Every structure is written in structure tokens, then in C-alpha cells.
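Scroll down for the structure; my scribbles are underneath it.
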Amino acid sequence: MKWHPSGFGGERRGTDQVKRDGWQEQGVLVVAEDDQRLSWPERELVRQIGVKLYGPRPTKEPPHE
506 MKWHPSGFGG
516 ERRGTDQVKR
526 DGWQEQGVLV
536 VAEDDQRLSW
546 PERELVRQIG
556 VKLYGPRPTK
566 EPPHE
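For the sequence shown, our numbering gives the first residue as 506, with consecutive numbering after it.
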């Protein structure tokens, strides 16, 4: 059988390609707050937008000793 339903078989797109396609096709932007391609002010803006829309991220607990 050569035909595969959508999402099965074939080649997988990389994460950056999925993000690029999401932006170009749907207007959805996926950005990690620690993406080193961004300057510090840009990363801070991403963090502030995330907090405004979704609330603060959980803080990581220090390791218990």
C-alpha cells in the first residue's frame, strides 16, 4: 500500500519547519523564551507576553538534600 493517511508514514517535518508553517499558514507564533536568536529585550518581551496571556510559569524547586 503506497497511500498513507495524513500524519502516518512519509517524512516528518522538523520542529522549526512546523513553527515556520504555523506562522505562515495560521499566523500562530511559537517562541521559546530562552531562544538565543533573540536579543535580551526581545526575550523579555516574549516572557512578558506569556505572563500576560497565560500567567506566570511555575518556579523550579531547588533540589532537596
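Using N, Cα and C, we set each Cβ at its ideal position, and we do this for glycine too. Since the model is a prediction, treat every value here as computed from it, not as a measurement.
Reference residue i; option with closest CA among the options
{"i": "residue 552", "options": "564, 563, 539", "result": "539"}
Residue i, DSSP secondary structure in three states
{"i": "residue 543", "result": "coil"}
Practice item. For the stretch 508 to 557, list the alpha helix (DSSP H) runs that are entirely contained and at least 4 residues long, ordered along the chain. Key: Taking 4 residues as the shortest admissible run, the stretch 508 to 557 contains the following complete alpha helix (DSSP H) segments, listed from N- to C-terminal end: 520 to 531.
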